[in-house]
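Below: one structure, written as structure tokens.
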Amino acid sequence: MCDTCGCSDGDVRITDEAHTVVLEQDILAKNDELASHNREHLRASGVFAINLMSSPGAGKTTLLERTIRASDTPCAVIEGDQETLLDAERIKATGAPVVQINTGAGCHLDASMLHRALHSLAPAHGSTLFIENVGNLVCPALFDLGEAARVVILSVTEGPGKPVKYPHMFAASDLVLLNKVDLLPYVDFDVSEFERDFRRVNPTAALVQVSATRGDGLSEWYDWLRRPARS
Amino acid sequence: MHEMAVTQSVVDAIVAKLGDATVTSVRLEIGRLSGVVPDSVRFCFDVLCTGTSLEGARLDIAEPSGRARCRDCGDEFTLDDFILLCPCGSANAEVLAGRELRITSVEVGHV
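Each protein sequence line maps, in turn, to chains A and B.
Be aware that the first sequence starts at 288, since it is given in the numbering used here, and climbs by one per residue.
Be aware that the second sequence starts at 4, since it is given in the numbering used here, and climbs by one per residue.
Right, here's the structure in full:
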């Protein structure tokens, strides 16, 4: 009961002059903290983690199947897809340990998903961990997972102009694999134009042309995986 | 749409810092090279604030321009997209600013 007029509006809260609270905080601070935790954990376990990103259908899983079978170090895989266990089943057939993350409506993996997946996968010391992100050239670019390197796969069937249309993804990459080069005679894709576009957003990352089905360029990719930076 | 996850991080971070205090406005900084679309954040903000201490809060977004330094000629230049092209013609540039993604401040009502 109100003391002033007897009304029943006793729980109305009067707000006087508002005050400003300065936060100056990164919006993704929580994700980035967890990513640092993941990175530290992976380094301490001697695991070299690669965040593998591309559009749907660029050939991530085919590349992984072949890479795992050719690898002289143990591999483990975390698969990210909105739905199904299809990719995890393909990886399981190679003999590598695999965990599937289904993001449901989510369009990217984040550091917390990777953290949970790492607990259930527990990759072996000295192994290479491939994190196959959700197929998407936009959203995954923004979320640090705690990986040691970012690899973007683009297939020549996706057409020209992708690095300048999706600059964040290409700018954030350490290596770009240009896949399906065996199809170059049949599609309208100019490799030198692609290279020029790519350099406009990323002057330093490595670029390797591969065919995950025919095998072109794969020895160069395997050399990159063994490069000194992983130690 | 990653703006949904970004906006949820804004709401979560503010609630974690300020608890139940009624928030009347939120100021963000979303740089033009951050990869986040302010209009999408505005759309998500109203949806995600419903039922929280931020419900009905005003959202102000500053959008600082990008700035880069050319590694070839040494000049600094501004840019509003991610094409790193210096006026000298070189694309070999280092981004100095424009990737901001920050909660600057919030206004809290006295209760």
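For glycine and all other residues, C-beta sits at the position ideal for the given N, C-alpha and C.
Quick caveat, the model's predicted, so the values are computed rather than measured.
Cβ of residue 447 of chain A less than 9 Å from any chain B Cβ?
For the purposes of this step, residue 447 of chain A is identified with residue 160 of the first sequence, where counting begins at 1. Residue-level contact by beta carbon fails for residue 447 of chain A and chain B, as no gap is shorter than 9 Å.
Per DSSP, what kind of secondary structure is residue 426 of chain A in: helix, strand or coil?
The sequence position of residue 426 of chain A within the first sequence is 139, counting from 1. It is helical.
Among A:498, A:502, A:389, the one whose alpha carbon lies nearest that of residue 403 of chain A:
As a working mapping, residue 403 of chain A is identified with position 116 in the first sequence. Residue A:389 is the option with its Cα nearest to residue 403 of chain A.
Taking Cβ-Cβ distances below 9 Å as the criterion, which residues of the region 314 to 332 of chain A are in contact with chain B?
314, 315, 316, 317, 318
Given a cut-off of 9 Å, decide if residue 433 of chain A and residue 492 of chain A are closer than it, judged by their beta-carbon atoms.
For the purposes of this step, residue 492 of chain A is taken as residue 205 along the first sequence, with counting starting at 1. For the purposes of this step, residue 433 of chain A is taken as residue 146 along the first sequence, with counting starting at 1. The criterion of a C-beta distance shorter than 9 Å is not satisfied by residue 492 of chain A and residue 433 of chain A.
Supposed contact pair residue 440 of chain A and residue 358 of chain A - C-beta distance, whole angstroms, cut 8 Å:
By one-based count along the first sequence, residue 358 of chain A stands at place 71. By one-based count along the first sequence, residue 440 of chain A stands at place 153. The pair is not a contact, with the Cβ atoms about 17 Å apart (cut-off 8 Å).
Going by DSSP in three states, residue 400 of chain A sits in which element: helix, strand or coil?
Counting from 1 along the first sequence, the entry for residue 400 of chain A is found at position 113. In this structure, residue 400 of chain A counts as helix in the three-state DSSP scheme.
Determine, for residue 419 of chain A, whether the minimum Cβ-Cβ distance to residues of chain B falls below 9 Å.
One-based indexing of the first sequence puts residue 419 of chain A at position 132. No, residue 419 of chain A lies away from the interface with chain B (no Cβ there is under 9 Å from its Cβ).
Top-ranked residue by Cα proximity to residue 420 of chain A, from A:373, A:475, A:508, A:395:
Here residue 420 of chain A refers to the residue found at position 133 when the first sequence is read from its first residue. Considering only alpha carbons, the answer is A:395.
By a C-beta neighbour count over all protein chains shown, 10 Å radius and 16 as the cutoff for buried, is residue 329 of chain A buried or exposed?
Within the first sequence, numbered from 1, the residue matching residue 329 of chain A stands at position 42. Answer is buried; the Cβ neighbour count reaches 16.
Evaluate residue 362 of chain A with the Cβ neighbour count: other Cβ atoms within 10 Å of its Cβ, from every protein chain shown; 16 or more gives buried, anything less gives exposed.
Residue 362 of chain A sits at position 75 when you count from the first residue of the first sequence. Looking at its Cβ environment, which holds 16 or more other Cβ atoms inside 10 Å, residue 362 of chain A is buried.
Span separating the alpha-carbon of residue 103 of chain B from that of residue 26 of chain B
Taking the second sequence and counting its residues from 1, one reaches residue 103 of chain B at position 100. Taking the second sequence and counting its residues from 1, one reaches residue 26 of chain B at position 23. Using only the alpha carbons, I get a separation of about 22 Å.
If you measure beta-carbon to beta-carbon, which residues of the region 67 to 95 of chain B are closer than 8 Å to chain A?
74, 84, 85, 86, 87, 88, 94, 95
Per DSSP, cross-strand counterpart(s) of residue 387 of chain A
The residue given as residue 387 of chain A occupies position 100 in the first sequence. BP columns for residue 387 of chain A point to A:366.
Going by the CB atoms, is the gap between residue 309 of chain A and residue 21 of chain B shorter than 9 Å?
Taking the first residue of the second sequence as position 1, residue 21 of chain B is located at position 18. Taking the first residue of the first sequence as position 1, residue 309 of chain A is located at position 22. No.
Contact criterion: CB-CB distance below 9 Å. Does residue 38 of chain B meet it with respect to chain A?
The residue labelled residue 38 of chain B in the question sits at position 35 within the second sequence. Yes, because at least one Cβ of chain A sits closer than 9 Å to the Cβ of residue 38 of chain B.
Sheet register partners of residue 63 of chain B (DSSP bridge)
Walking along the second sequence from the start, residue 63 of chain B turns up at place 60. Note: residue 63 of chain B sits in a beta bridge opposite B:30.
Under 6 Å Cβ to Cβ from residue 32 of chain B, same chain only, skipping five residues before and after it: list those, please.
As a position in the second sequence, residue 32 of chain B is number 29, starting the count at 1. So the qualifying residues of the chain are 65, 103, 105, 107.
Which chain A residues are close to residue 133 of chain B, counting only those with a beta carbon under 9 Å from its beta carbon?
With chain B covering 4 to 114 only, the question about residue 133 of chain B has no answer from this structure.
Report yes or no: do the region 79 to 94 of chain B and the region 57 to 71 of chain B share at least 3 C-beta pairs separated by less than 8 Å?
yes
Taking 8 Å as the cut-off, is the C-beta of residue 41 of chain B nearer than that to any heavy atom in the ligand ADP?
With respect to the ligand ADP, the structure shown offers nothing to examine, as it has no ligands at all.
Can a CB atom of chain B be found closer than 9 Å to the CB of residue 422 of chain A?
Start at 1 with the first residue of the first sequence, and residue 422 of chain A comes out as number 135. No, residue 422 of chain A lies away from the interface with chain B (no Cβ there is under 9 Å from its Cβ).
Residue 334 of chain A and residue 444 of chain A closer than 9 Å at C-beta
Taking the first residue of the first sequence as 1, we reach residue 334 of chain A at position 47. Taking the first residue of the first sequence as 1, we reach residue 444 of chain A at position 157. Cβ atoms of residue 334 of chain A and residue 444 of chain A: not closer than 9 Å.
Taking 6 Å as the limit between beta carbons, can you name the residues of its chain near residue 411 of chain A, skipping five residues before and five after?
Taking the first sequence and counting its residues from 1, one reaches residue 411 of chain A at position 124. Excluding sequence neighbours, residue 411 of chain A sits near 361.
N- and C-terminal bounds of the alpha helix (DSSP H) containing residue 331 of chain A
In the first sequence, counting from the first residue as 1, residue 331 of chain A sits at position 44. Its alpha helix (DSSP H) spans residues 316 to 331.
Identify the contact partners of residue 334 of chain A in chain B, using a Cβ-Cβ distance below 9 Å as the criterion.
As a first step, residue 334 of chain A is located in the first sequence; it is residue number 47 there, counting from the start. Neighbours of residue 334 of chain A on chain B: none; closest Cβ ~26 Å, over 9 Å.
Closer than 8 Å, Cβ to any Cβ of chain B: which residues of the region 378 to 405 of chain A, in chain order?
393, 394, 395, 397
Backbone CA spacing between residue 318 of chain A and residue 91 of chain B [nearest angstrom]
By 1-based counting over the first sequence, the position of residue 318 of chain A is 31. By 1-based counting over the second sequence, the position of residue 91 of chain B is 88. Straight-line spacing of the CA atoms in residue 318 of chain A and residue 91 of chain B works out to 38 Å.
I need the boundaries of the alpha helix (DSSP H) containing residue 8 of chain B, first residue and last residue.
As a first step, residue 8 of chain B is located in the second sequence; it is residue number 5 there, counting from the start. Taken as a continuous stretch (DSSP letters only), the alpha helix (DSSP H) holding residue 8 of chain B covers 5 to 21.
Rounded to the nearest angstrom, what separates residue 99 of chain B and residue 366 of chain A at their Cα positions?
Working through the second sequence from its first residue, we reach residue 99 of chain B at position 96. Working through the first sequence from its first residue, we reach residue 366 of chain A at position 79. Between residue 99 of chain B and residue 366 of chain A, the C-alpha separation is close to 34 Å.
Could you give the DSSP three-state label for residue 357 of chain A: helix, strand or coil?
Residue numbering aside, residue 357 of chain A sits at position 70 when the first sequence is read from its first letter. Looking at residue 357 of chain A - three-state DSSP - the assignment turns out to be helix.
Closer than 9 Å at the beta carbon, the chain A residues around residue 15 of chain B:
Against the second sequence, residue 15 of chain B aligns to sequence position 12. The contacting residues are 317.
At a Cβ threshold of 9 Å, is residue 343 of chain A touching chain B?
Looking up residue 343 of chain A in the first sequence gives position 56. No, its Cβ sits nowhere closer than 9 Å to a Cβ of chain B.
Reduced DSSP category for residue 51 of chain B - H, G, I as helix; E, B as strand; rest coil:
For the purposes of this step, residue 51 of chain B is taken as the residue at position 48 of the second sequence. Three-state result, residue 51 of chain B: helix.
Ends of the alpha helix (DSSP H) at residue 457 of chain A?
Counted from its first residue, the first sequence places residue 457 of chain A at position 170. Element bounds for residue 457 of chain A: 454 to 458.
Using CA atoms only, rank isn't needed, just tell me which of B:85, B:60, B:76, B:29 is closest to residue 93 of chain B.
Walking along the second sequence from the start, residue 93 of chain B turns up at place 90. Nearest of B:85, B:60, B:76, B:29 to residue 93 of chain B, Cα basis: B:76.
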